[in-house]
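Student:
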Amino acid sequence: MTDMPVDPAMWAPAPRDPASLDRIARPNLTYWQDARARLWRNRPAMAAFGFLILLCLAAVFGPSVYSHNYYEQNLQYANVPPAFPTYAVPQGDGSSQEIYFNFGSQKLYLIGADGALGDLVRSSRKDLMRKTQLYTVGDQQVAVDTAKSTLGLSDGKPLEPAGWRWNSLYPLGTDQLGRDELARQLYGARISLAVALVATLVNFTIGVLYGGISGYLGGRVDMVMMRLIEIVSTIPLTLYVILIMVTLASGFSAVILAIGTVYWVDMARIVRGQMLVLKEQDYVAAARSMGASTWRILTRHLLQNTVGPILVTLTMLIPSAIFIESFMSFIGLGVSPPEASWGTLTSAAVETLRTHPYQLALPAGAISLTMFAFNFLGDGLRDALDPRLRS
Amino acid sequence: MIAYLAQRLALMLATLFAIITLTFFLMHAVPGGPFVSDKMMAPEIAAAINAKFHLDEPLWQQYLAYLGGVFTFDLGPSFKYPGMSVNQMIASGLPTTAKVGLLALLSVIALGVPLGVVAALNRNRWPDTAVMAIATIGVAIPSYVIATLALYVFAMRLKLVPTFGIDDWRGYFLPVFALSGFWLSYVARLTRSSLIETMLTDYMTTARAKGLRPGQILFKHGLRNSLIPLVTVIGPVAANLLTGSFVIEQIFALPGIGRHFVLAITNRDYTAIMGITIFYAVVLMVMILLVDLAYLALDPRIKFGARHP
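Chains as they are written, first to last, in my numbering: chain A, 1 to 391; chain B, 1 to 309.
#1: Taking the beta carbon of Ala373 (chain A) as the centre, do at least 16 other beta carbons fall within 10 Å, making it buried, or is it exposed?
#2: Counting only C-beta atoms, is Thr129 (chain B) closer than 8 Å to chain A at any point?
#3: Report yes or no: is there a C-beta of chain A within less than 8 Å of the C-beta of Leu284 (chain B)?
#4: DSSP on Trp169 (chain B), reduced to helix/strand/coil?
#5: Since Lys99 (chain B) is in the alpha helix (DSSP H), which residue starts that stretch and which ends it?
#6: Have a look at A:Gly365, A:Val246, A:Ala147 and flag the residue whose alpha-carbon is nearest the alpha-carbon of Gly332 (chain A).
#7: Give the single residue among A:Ser192, A:Gly251, A:Ser20 whose Cα lies nearest to the Cα of Thr370 (chain A).
#8: Taking Asp266 (chain A) as the reference, give the member of A:Asn203, A:Arg220, A:Leu362 with the closest Cα.
#9: Please classify Gly116 (chain B) as buried or exposed, where buried requires at least 16 neighbouring CB atoms within 10 angstroms.
#10: List, in chain order, every chain A residue whose beta-carbon is nearer than 7 Å to that of Ala119 (chain B).
#11: So with CB distances below 7 Å, who are the chain B contacts of Arg354 (chain A)?
#12: Check whether the segment 44-51 of chain B touches the segment 249-268 of chain A, counting contact only when three or more Cβ pairs, one atom from each stretch, lie closer than 8 Å.
#13: Do Tyr100 (chain A) and Leu159 (chain A) count as a contact pair if the criterion is CB distance below 8 Å?
#14: Would Tyr66 (chain A) and Ala183 (chain A) qualify as a contact pair, given that the criterion is a beta-carbon distance under 8 Å?
#15: Secondary structure at Asn305 (chain A), three-state DSSP: helix, strand or coil?
#16: Is Pro18 (chain A) close to chain B, meaning its C-beta is less than 8 Å from at least one C-beta of that chain?
#17: Would Ser238 (chain A) pass as an interface residue toward chain B - the criterion being a Cβ-Cβ separation below 8 Å?
#18: What residues in the segment 229-256 of chain B bring their beta carbon closer than 7 Å to a beta carbon of chain A?
#19: Tell me, which residues are paired with Phe84 (chain A) by DSSP?
#20: Quick one: residues in its chain with C-beta nearer than 8 Å to the C-beta of Asn122 (chain B), no 5 flanking neighbours on either side, listed in chain order?
#21: Can you list, in chain order, the residues of its chain whose CB lies under 8 Å from that of Pro309 (chain B), leaving out five sequence neighbours each side?
#22: In the DSSP assignment, find the unbroken beta strand (DSSP E) run with Asp119 (chain A) in it and report its ends.
#23: Between Ser391 (chain A) and chain B, is any beta-carbon pair separated by less than 8 Å?
#24: How about Val255 (chain A): is its C-beta nearer than 8 Å to some C-beta of chain B?
#25: Quick check on Val208 (chain A) - is its C-beta less than 8 Å from some C-beta in chain B?
#26: Contact between the segment 238-246 of chain B and the segment 85-104 of chain B: three or more CB pairs below 8 Å?
#27: Go through its chain and collect everything with a Cβ distance to Phe24 (chain B)'s Cβ below 7 Å, but skip five positions before and after it.
#28: List, in order along the chain, the chain B residues whose C-beta lies closer than 7 Å to that of Phe372 (chain A)?
#29: Would you mind sorting Tyr31 (chain A) into buried or exposed? The rule is 16 or more other CB atoms within 10 Å of its CB.
#30: I'd like the list of long-range same chain contacts for Phe330 (chain A), defined as Cβ closer than 7 Å, with 5 residues on each side in sequence excluded.
#31: Step through the CB atoms of chain B and report whether any lies within less than 8 Å of the CB of Ser95 (chain A).
#32: Evaluate the contact criterion for the segment 172-188 of chain A versus the segment 78-87 of chain A: three or more CB pairs, one atom per stretch, below 8 Å.
#33: Hey, is the segment 247-263 of chain B in contact with the segment 82-96 of chain B, meaning 3+ C-beta pairs nearer than 8 Å?
#34: If you follow the alpha helix (DSSP H) that Gln274 (chain A) is part of, which residue opens it and which one closes it?
#35: Are there three or more Cβ pairs, one per stretch, closer than 8 Å when the segment 269-278 of chain A is compared with the segment 297-308 of chain A?
#36: With a threshold of 8 Å between beta carbons, is Thr205 (chain B) in contact with chain A?
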């Protein structure tokens with residue numbers, strides 16, 4: 001065994017730097033900075049957040065920017081899809097006239113030179129022998145066999161689809177009264193989001209105050225208030241929203257009142273639970289010894305520290321408010337026509353599902369995506385704000 | 001046990017009383033009577049109708065009469081269907097609603113729990129990802145959207161099942177699927193997280209250390225303990241399946257109580273709305289009570305009456 005040559009300088013003690021002992025290795029983050037960083041790293045939650053911001057912008061500014069409005073009816077163009085197949089009808093002079101036949105509503109439209117939907121052509125007569133409807137297009141007769149969904153010329157020669165065209169007049173089609181689907185969709189988003197936000201705020205206020213007072217005061221007040229909550233939570237709430245909606249005339253404010261006054265129980269429970277823990281903390285005792293009033297302690301010291309759980313509960317409340325509103329609208333208790341929300345749009349689409357299925361895609365897609373987004377954002381917020389998950 | 005049961009029953013009665021009172025006065029606060037319509041009615045006829053339904057009596061008298069009726073299981077006549085009582089309405093819709101609802105409850109448990117177990121056992125591998133993806137979709141998409149999409153794809157396009165009614169056994173598929181979708185996903189997620197948590201406990205390590213078979217570990221130690229939180233959600237699940245049936249029965253044109261209820265709302269048939277609400281409330285309260293009792297019986301750590309901290 002040979003000795004390893006060791007440089008004697010290595011045995012010298014390292015210089016002592018008193019400052020390094022107190023140096024903090026990582027930057028000092030406040031609760032909110034930390035939460036923001038966690039949320040930022042959560043890609044699905046951020047994508048959901050971005051989607052919701054875009055949706056809100058579309059709902060706020062969309063209806064005023066977009067050229068169509070949500071209530072104007074044009075029965076001539078009822079139930080026109082966003083894209084349709086066209087047929088070229090040869091004319092006597094060698095040119096051809098482009099047409100579109102809507103099998104769902106049994107209507108034949110001429111297509112203008114610019115590719116937009118033109119005039120409606122009325123059926124000139126019925127051919128009972130061949131079970132066809134005859135339409136006059138220019139100098140030709142077009143025979144439509146509605147049973148087989150085929151078009152032909154009057155001499156029996158079949159017409160083949162010439163191609164697909166986008167609906168340049170109504171980019172997303174029209175509903176059964178000829179109202180623009182996109183405009184109704186934007187307006188529906190506005191109503192649905194507004195109902196959800198306002199109803200959630202009402203629930204938030206009631207829930208936080210109820211839970212805060214119950215938890216802070218404790219004792220007999222707490223017991224009575226909790227018994228009341230127990231009774232309220234055994235009542236099936238959907239039924240009560242329905243009853244309130246039946247009692248009040250249906251409409252925007254009725255929806256908000258019905259949803260807003262019913263779903264605060266969870267919020268109250270969570271705030272109360274937090275309050276019971278927090279009110280025993282020393283800083284509350286300090287505030288009280290300095291002569292702070294109950295109201296000040298409640299709003300300035302206690303509620304501020306329950307913001308995390310409250311925020312998570314709020315993001316979970318919004319999608320359920322959207323859901324309840326659309327559920328109510330679906331069974332006919334929401335906003336009244338011509339106003340629209342996602343629920344009324346979906347329920348209108350169900351009526352025409354067999355003939356015009358495209359009308360379902362938008363409202364169903366919009367509400368599903370929004371629910372997804374709120375779910376992801378809620379999960380992300382919970383992960384970001386829960387101190388127990390900190391590594 | 002008896003004391004706890006008595007306490008719960010007393011609370012139930014108080015809730016029921018609150019529900020009846022609230023329902024009664026809400027329905028009587030509606031502007032205009034149930035028979036106010038566009039048609040001009042001779043005052044004698046209006047008076048006769050009001051007398052027949054005791055609408056000419058003072059409100060408190062009507063209230064007491066209604067309260068007495070409810071406690072003798074008589075929910076009164078329907079305002080819109082002459083000769084039909086609310087009891088008959090409920091009786092005619094109950095079989096359909098109960099069949100679809102129970103099948104949905106069954107599929108929530110019989111599919112949701114195994115899916116959650118599969119996900120938990122294959123944590124962070126593809127079965128887990130697949131189950132969680134489906135469950136996320138199921139939780140986010142509203143039941144009526146699922147119902148309409150399923151109706152369009154399976155009934156109208158593929159023509160695999162009838163579009164309405166349950167005369168045919170295949171007719172049950174879509175309503176049950178649409179009704180149970182949300183809660184199936186919810187239960188799968190809950191089972192997964194609960195089982196994962198259970199698998200980290202010491203007694204699971206002990207079970208593995210003493211060489212038990214994997215099946216024994218999973219069923220006797222893991223699942224049995226992780227299913228306890230599940231039992232508590234069965235009550236709310238049953239409640240939501242009942243109220244969820246409003247839209248499902250409407251979309252699939254099923255002659256159940258939910259459809260009667262929605263029709264009663266559209267027709268402003270106040271006695272029917274009141275009666276069916278109270279009926280639902282009673283069913284739900286009984287269900288939640290039964291589930292709570294089962295919960296107490298399953299978990300010996302919980303003492304009777306000490307459930308609420």
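Where a beta carbon is used, it is the ideal one built from N, C-alpha and C, also for glycine. Bear in mind the structure is a predicted one, so any value in this text is a computation, not a measurement.
Tutor: The structure says:
#1: Position 373 of the first sequence holds residue 373 (chain A). With 16 or more other Cβ atoms within 10 Å, it is buried.
#2: Taking the first residue of the second sequence as 1, we reach residue 129 (chain B) at position 129. Thr129 (chain B) does not count as touching chain A.
#3: Along the second sequence, read from residue 1 onward, the residue named residue 284 (chain B) stands at position 284. Judged by the 8 Å Cβ criterion, Leu284 (chain B) is in contact with chain A.
#4: Here the question's residue 169 (chain B) lines up with position 169 in the second sequence. Looking at Trp169 (chain B) - three-state DSSP - the assignment turns out to be helix.
#5: The residue given as residue 99 (chain B) occupies position 99 in the second sequence. Segment 86-121, the alpha helix (DSSP H) holding Lys99 (chain B).
#6: Looking up residue 332 (chain A) in the first sequence gives position 332. Measuring from the Cα of Gly332 (chain A), the nearest candidate turns out to be A:Val246.
#7: For the purposes of this step, residue 370 (chain A) is taken as the residue at position 370 of the first sequence. Checking every option, the nearest Cα to that of Thr370 (chain A) belongs to A:Ser192.
#8: As a working note, residue 266 (chain A) is residue 266 in the first sequence. Of the listed residues, the one whose Cα sits closest to Asp266 (chain A) is A:Asn203.
#9: Looking up residue 116 (chain B) in the second sequence gives position 116. Label assigned to Gly116 (chain B): buried.
#10: In the second sequence, counting from the first residue as 1, residue 119 (chain B) sits at position 119. Simply none; closest approach about 16 Å.
#11: As a first step, residue 354 (chain A) must be located in the first sequence, where it is residue number 354. Those within 7 Å of Arg354 (chain A) in chain B are Met156.
#12: no
#13: Along the first sequence, read from residue 1 onward, the residue named residue 159 (chain A) stands at position 159. Along the first sequence, read from residue 1 onward, the residue named residue 100 (chain A) stands at position 100. No, the Cβ-Cβ distance between Leu159 (chain A) and Tyr100 (chain A) is not below 8 Å.
#14: Working through the first sequence from its first residue, we reach residue 66 (chain A) at position 66. Working through the first sequence from its first residue, we reach residue 183 (chain A) at position 183. The answer is yes: Cβ separation under 8 Å.
#15: Numbered from its first residue, the first sequence carries residue 305 (chain A) at position 305. If DSSP states are grouped into helix, strand and coil, Asn305 (chain A) belongs with the helices.
#16: Taking the first residue of the first sequence as position 1, residue 18 (chain A) is located at position 18. No, because no Cβ of chain B sits closer than 8 Å to the Cβ of Pro18 (chain A).
#17: Looking up residue 238 (chain A) in the first sequence gives position 238. Note that residue 238 (chain A) is Thr in the sequence shown, not Ser. With 8 Å as the cut-off, Thr238 (chain A) counts as an interface residue toward chain B.
#18: Ala239, Thr243, Phe246, Val247, Gln250, Ile251
#19: For the purposes of this step, residue 84 (chain A) is taken as residue 84 along the first sequence, with counting starting at 1. Beta-bridge pairing links Phe84 (chain A) to A:Arg165.
#20: Sequence index remark: in the second sequence, residue 122 (chain B) carries index 122 (1-based). Answer for Asn122 (chain B): Asp128, listed in chain order.
#21: Within the second sequence, residue 309 (chain B) is the residue found at index 309, counting from 1. Below a pLDDT of 50, predicted positions are generally treated as unreliable, and Pro309 (chain B), at 40, falls in that range; the measurement from the model is reported next regardless. Nothing meets the Cβ criterion.
#22: Here residue 119 (chain A) refers to the residue found at position 119 of the first sequence. Counting along the chain, the beta strand (DSSP E) containing Asp119 (chain A) begins and ends at 117-121.
#23: Against the first sequence, residue 391 (chain A) aligns to sequence position 391. Note that Ser391 (chain A) has pLDDT 41, beneath the 50 cutoff, so the model's placement of it is unreliable and no number is given.
#24: Against the first sequence, residue 255 (chain A) aligns to sequence position 255. No, because no Cβ of chain B sits closer than 8 Å to the Cβ of Val255 (chain A).
#25: As a position in the first sequence, residue 208 (chain A) is number 208, starting the count at 1. No, no contact with chain B.
#26: yes
#27: Working through the second sequence from its first residue, we reach residue 24 (chain B) at position 24. Correct list, in chain order: Tyr63, Tyr66, Met274.
#28: The residue labelled residue 372 (chain A) in the question sits at position 372 within the first sequence. Here the neighbours are Ala140.
#29: Residue mapping note: residue 31 (chain A) aligns to position 31 of the first sequence, counting from 1. Exposed, by the Cβ-count rule.
#30: Here residue 330 (chain A) refers to the residue found at position 330 of the first sequence. Once the five neighbours on either side are set aside, the close Cβ partners of Phe330 (chain A) are Gly343, Thr346, Ser347.
#31: Along the first sequence, read from residue 1 onward, the residue named residue 95 (chain A) stands at position 95. It does not: the Cβ of Ser95 (chain A) has no partner Cβ on chain B nearer than 8 Å.
#32: yes
#33: yes
#34: In the first sequence, the residue the question calls residue 274 (chain A) occupies position 274. Note, Gln274 (chain A): alpha helix (DSSP H), 265-278.
#35: yes
#36: Locating residue 205 (chain B) in the second sequence gives position 205, where the first residue counts as 1. So, not an interface residue.
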